[in-house]
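In full-length UniProt numbering, the protein residues as written are 1 to 100.
Put into structure tokens, the structure is as follows:
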């Protein structure tokens, strides 16, 4: 959970279960390697379920577990706060840097 990508993955999966490439496209800017690593870790931590559908080729989808949903709620609120207050924080940072 300590990477910059994990919160984004969890918030996206809170909207609906997604397949690997759908998730990659929704997040944007994340490499397939990093996404794969983060999904593996989030699955290991019990936050994400990985479901393989028997098909040719196999279809893999990812969804939040109950624990993942519990984590995603405050993350969404935090991300909303950052979106709403980011400019204010950046202005305060600039003022501070200019004065020091």
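Heads up, the beta-carbon is just placed ideally off N, CA and C, and yes, glycines get one too.
Indicate the three-state DSSP secondary structure (helix, strand or coil) for residue 45 in the structure shown.
coil
Is the beta carbon of residue 5 closer than 8 angstroms to that of residue 33?
no
Counting pairs of beta carbons, one from the stretch 60-79 and one from the stretch 8-16, are three or more of them closer than 8 angstroms?
yes
Pick helix, strand or coil for residue 51, following the three-state DSSP scheme.
strand
With 16 other Cβ atoms within 10 Å as the buried cut-off, status of residue 48
buried
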